[in-house]
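Here is the structure we will look at.
As structure tokens, then:
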């Protein structure tokens with residue numbers, strides 16, 4: 001699964017620390033998610049999507065070979 005966190009943060013002018021605070025996670029967690037080294041919980045994924053006013057599916061994209 002890939003994600004658009006870095007792209008969406010840039011669009012909205014947020015740094016990792018700001019996004020982490022809004023999502024209720026650590027900056028390190030955001031960094032790991034962005035690098036595809038950590039799969040967020042469903043709740044965290046929903047919170048992040050809401051912060052960006054996007055659907056979970058637009059923030060976190062399942063690659064064809066993963067389905």
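In the UniProt record's numbering, the protein residues as written are 1 to 67.
Where a beta carbon is used, it is the ideal one built from N, C-alpha and C, also for glycine.
Start and end residues, alpha helix (DSSP H) containing residue 31: 27-34
Beta-carbon contacts of residue 60 that lie in its chain and below 7 angstroms, excluding the five residues immediately before and after: 1, 3 and 45
Secondary structure of residue 61, DSSP reduced to three states: strand
Residue 4, enclosing alpha helix (DSSP H) - first and last residue: Counting along the chain, residue 4 falls outside any alpha helix (DSSP H), and DSSP gives it neither H nor E.
Simplified DSSP assignment, three categories, for residue 55: coil
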